[in-house]
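Chemist:
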Amino acid sequence: MHFIPLLLLSILILGCFTEAKLREIELKVSRQEINPDCYSQGYQRLLVNGEHPGPVIRVNKDDELHVKVHNDGNRPTSIHFHGIFQLGTTEADGMPNVTQNDIAPGDTFEHRFRVTEQTGTYFYHAHNDLQDESVHGAFIVYESDEAWPGKGHKLCEYGQEYDDEHILLLGEHWHTHDNERLDYVLGPQYAGMIAADSYLLNGRTVFEQEGEEEEEDGDDDCQGYTVLPVEHGKTYRVRVIGGLTFASLGVAIARHTMTVIEVDGVPIKPYQVPYLEVAPGQRFSILITADQDPSQNYWIDTKPYQLEQSDYSNGRAILQYNKDNHALPTERPQFPPGPNEWYFPAMEPANDSPNGFENPPDRTIILTPTEERMPDNTSRWYINGHEPPMWDTALLYQLKENKHLALNQTSIELNKQGNSDGFDDATQSYPFYHGEVVDFVVHTTVMLNDGLCAGHPWHSHGQIHYAIASGPGEYIHERDKDLRTYSTPIGKDTTFVYPVDPGSDVQPGTPCGWTKMRFFMASILWCN
282 MHFIPLLLLS ILILGCFTEA KLREIELKVS RQEINPDCYS QGYQRLLVNG
332 EHPGPVIRVN KDDELHVKVH NDGNRPTSIH FHGIFQLGTT EADGMPNVTQ
382 NDIAPGDTFE HRFRVTEQTG TYFYHAHNDL QDESVHGAFI VYESDEAWPG
432 KGHKLCEYGQ EYDDEHILLL GEHWHTHDNE RLDYVLGPQY AGMIAADSYL
482 LNGRTVFEQE GEEEEEDGDD DCQGYTVLPV EHGKTYRVRV IGGLTFASLG
532 VAIARHTMTV IEVDGVPIKP YQVPYLEVAP GQRFSILITA DQDPSQNYWI
582 DTKPYQLEQS DYSNGRAILQ YNKDNHALPT ERPQFPPGPN EWYFPAMEPA
632 NDSPNGFENP PDRTIILTPT EERMPDNTSR WYINGHEPPM WDTALLYQLK
682 ENKHLALNQT SIELNKQGNS DGFDDATQSY PFYHGEVVDF VVHTTVMLND
732 GLCAGHPWHS HGQIHYAIAS GPGEYIHERD KDLRTYSTPI GKDTTFVYPV
782 DPGSDVQPGT PCGWTKMRFF MASILWCN
């Protein structure tokens, strides 16, 4: 029986396709000083083509892309196309150590792939160190040329009409140089993640001390807030992208309701929400109608969620009805209390999706990440006690060079029997059989340094998955195997594992919440 290696949730796929329209793109990663929040000084960051965020990539479904990434920076880098399936072109996925080697300073890597079987909202970002804080940009896939904005006619997707669209990419910014923050996170002085000094919307905001009143900044060099222009009476699609590294952000627009029509490139039945809750890597398309007083401007506001340090945010943008009105809005939107898992369990897919979610899978893999203290007093994350592998050569290259690389089929069978977590020591991966239905249960755990239970997003490369259940504390298979808390699961490629307060006096590594995600491995093709 054929089987395929899975490294955590990174799926390796090989296949074959026909010709399509070619788009050639060049991305240059270089280092420069930026000051996106009008602070008293700027800081060094890696950028794409000197822009922050990087340039928007727009393509049509079935287009073929040749993307050259030049590393003119000072550290190894890579570019991952987040949410793109890479059917037949796993080597173009952009995951260092797994699908490719790092792009060393001065080197170039060319991604060649076709965008097939998907449309919607995606993005690209660096996959090394903490570079995704600033090395990121939107990646939008349209059904055809007629679906592009700026055509002078109404647009339509998923059966929903709208007049135009905007992109809103969320980000974080720290008042420290990028190499200094990396040294802190990887060094012995690390004492827990520090919340961002500013939250950015399309790479901009205005820094203020907590509690200060907003004022128009008089600095000619200050770009101020991002502005999304609208016309009264028109409906807009806003593509919201979680280009975040740490925080989950709530997003709301004063006096405007939001209707979600897309999650992670997958259409859902229209669902009205008072606010979005966006974790790193997640994307949404919302529809808003400009139906308020056109003489006013309106705040687009953010609020950190799942973050114990502070719920304060200066991440704001402006919804502007009149291009000549530059006054700051006066009313901030409200963030009403929402359910613990936001509104995901109530959402429904717009199209046909797999059924039988109540049925048992072929097997279940349980993952428990824990933060561990190293002998040199640094902190590192392990999964089921396994240290993250550091290959000299990317795993995909090893598999391609040795077609008969021995994978431990015994680990699969033992996992089915409940006597193993399914991990294969030889490839440092979780192998699976072609055609399997596999449930991954992912825990969140109490962190080492501050004793907090923090949620975390999990992203699957190469395909979507379906969250089907969640719960507090630790997942106990015999007790929880048949539990279903999502009645109509929607396909996603990024799922946030929500924390549940475990109470006081709990030890680091204690499970404090879990989510079960179902993968249908029948879509995987191994073709040499």
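Throughout the sequence shown, residue numbering follows our numbering, covering 282 to 809 in sequence. Don't be surprised by glycine CBs; every beta carbon is placed ideally from N, CA and C.
Is it a yes or a no for the region 623 to 631 touching the region 508 to 528, going by three-plus beta-carbon pairs under 8 Å?
Modeler: The region 623 to 631 vs the region 508 to 528: no contact.
Chemist: Under the three-state reduction of DSSP, which class applies to residue 462: helix, strand or coil?
Modeler: Of the three classes helix, strand and coil, the one that applies to residue 462 here is helix, per DSSP.
Chemist: Check this for me: beta carbons of residue 657 and residue 789, under 8 Å apart or not?
Modeler: No. Outside cutoff.
Chemist: On the DSSP bridge list, what partners appear for residue 662?
Modeler: Bridge partners of residue 662: 652.
Chemist: With a CB to CB cut of under 8 Å and the five nearest residues on each side skipped, what residues in its chain are close to residue 782?
Modeler: Here the set comprises 734, 793.
Chemist: Could you tell me whether the region 526 to 533 touches the region 547 to 566, using the rule of 3 or more Cβ pairs below 8 Å?
Modeler: Contact between the region 526 to 533 and the region 547 to 566 is present, because at least three Cβ pairs lie under 8 Å.
Chemist: For the alpha helix (DSSP H) containing residue 760, list its first residue and its last residue.
Modeler: Its alpha helix (DSSP H) spans residues 758 to 761.
Chemist: If I follow the unbroken beta strand (DSSP E) through residue 682, where does it start and stop?
Modeler: Run containing residue 682: none in the beta strand (DSSP E); it sits in the alpha helix (DSSP H), 676 to 682.
Chemist: With C-beta atoms as the reference, is residue 375 less than 8 Å away from residue 546?
Modeler: Cβ atoms of residue 375 and residue 546: not closer than 8 Å.
Chemist: Looking at C-alpha atoms only, which residue of 425, 315, 360 is the closest neighbour of residue 340?
Modeler: Comparing Cα-Cα distances from residue 340 to each of 425, 315, 360, the minimum goes to 425.
Chemist: Comparing alpha-carbon positions, which option in 712, 617, 343, 445 lies nearest residue 366?
Modeler: That would be 343, whose Cα lies nearest to the Cα of residue 366.
Chemist: Does DSSP put residue 413 in a helix, a strand or coil?
Modeler: Residue 413 falls in the helix class under three-state DSSP.
Chemist: Tell me the residue span of the beta strand (DSSP E) that contains residue 582.
Modeler: Its beta strand (DSSP E) spans residues 578 to 586.
Chemist: Would you kindly report the start and end of the unbroken beta strand (DSSP E) that includes residue 527?
Modeler: Neither: residue 527 is in no beta strand (DSSP E) and is coded neither H nor E.
Chemist: Taking Cβ to Cβ, would you say residue 620 is nearer than 8 Å to residue 738?
Modeler: No, the Cβ-Cβ distance between residue 620 and residue 738 is not below 8 Å.
Chemist: Contact defined as beta carbons within less than 8 Å: I believe residue 723 pairs with residue 787. What is the distance between those atoms, to the nearest angstrom?
Modeler: Contact doesn't hold; Cβ gap of about 19 Å is too wide.
Chemist: Which ranges does the beta strand (DSSP E) cover as unbroken runs of at least 3 residues, wholly within the region 323 to 403, from first to last along the chain?
Modeler: Correct list: 324 to 329, 338 to 341, 345 to 352, 360 to 363, 389 to 395.
Chemist: Any idea what DSSP makes of residue 802, helix, strand or coil?
Modeler: Reduced to three states, the DSSP call for residue 802 is helix.
Chemist: Please check the pair residue 665 and residue 704, which I expect to be a contact at CB under 8 Å, by giving their CB distance rounded to whole angstroms.
Modeler: Indeed, because the Cβ distance is near 6 Å, the residues count as touching under 8 Å.
Chemist: Shorter than 7 Å, the distance from the beta carbon of residue 457 to the closest heavy atom of the ligand GDP, or not?
Modeler: What this structure holds is no ligand at all, so the ligand GDP is not there to describe.
Chemist: Taking contact to mean 3 or more Cβ pairs, one atom from each stretch, closer than 8 Å, check whether the region 747 to 767 and the region 711 to 719 are in contact.
Modeler: The answer is no - the region 711 to 719 does not touch the region 747 to 767, with fewer than three Cβ pairs under 8 Å.
Chemist: Determine the direct distance from the alpha carbon of residue 647 to that of residue 483, and round the result to whole angstroms.
Modeler: About 37 Å.
Chemist: Note the first and the last residue of the continuous beta strand (DSSP E) segment covering residue 480.
Modeler: 479 to 482 is the span of the beta strand (DSSP E), which, as asked, contains residue 480.
Chemist: In chain order, what residues of the same chain lie with their CB nearer than 6 Å to the CB of residue 326, ignoring the 5 residues before and after it?
Modeler: Cβ within range, chain order: 315, 415, 459.
Chemist: Compute the Euclidean distance between the alpha carbons of residue 675 and residue 662, then round it to the nearest angstrom.
Modeler: Cα to Cα, residue 675 sits roughly 20 Å from residue 662.
Chemist: Report the residue from 753, 673, 701, 682 whose alpha carbon sits nearest the alpha carbon of residue 377.
Modeler: Closest option to residue 377, Cα to Cα, is 673.
Chemist: Indicate the three-state DSSP secondary structure (helix, strand or coil) for residue 693 in the structure shown.
Modeler: Here residue 693 sits in helix by DSSP.
Chemist: List, from N- to C-terminal side, the beta strand (DSSP E) runs of 3 residues or more that fit wholly inside the region 599 to 634.
Modeler: Those beta strand (DSSP E) runs which fall completely within the region 599 to 634 and span 3+ residues do not exist here.
Chemist: Of the residues 743, 466, 431, 752, which one's Cα is nearest the Cα of residue 410?
Modeler: Of the candidates 743, 466, 431, 752, the one whose C-alpha sits nearest the C-alpha of residue 410 is 466.
Chemist: Hey, is the region 515 to 529 in contact with the region 441 to 460, meaning 3+ C-beta pairs nearer than 8 Å?
Modeler: Judged by Cβ distances under 8 Å, the region 515 to 529 makes contact with the region 441 to 460, as three or more pairs qualify.
Chemist: On the criterion of 16 or more Cβ atoms from any shown chain inside 10 Å, does residue 640 qualify as buried, or is it exposed?
Modeler: Per the 10 Å Cβ criterion, exposed.
Chemist: Per the DSSP calculation, residue 315 is bridged to which residue(s)?
Modeler: 324, per the DSSP bridge assignment.
Chemist: How would you call residue 599, buried or exposed, if buried means at least 16 neighbouring beta carbons within 10 angstroms?
Modeler: Buried.
Chemist: When the Cα of residue 529 is compared with those of 313, 795, 305, 622, which residue comes out closest?
Modeler: If we check each option's Cα against that of residue 529, 622 comes out closest.
Chemist: Looking at the secondary structure, which residues open and close the beta strand (DSSP E) in which residue 564 lies?
Modeler: Start and end: 564 to 570.
Chemist: Can you give me the Cβ contacts of residue 408 inside the same chain, cut-off strictly under 8 Å, excluding the 5 residues immediately before and after it?
Modeler: Once the five neighbours on either side are set aside, the close Cβ partners of residue 408 are 359, 360, 361, 375, 376, 377.
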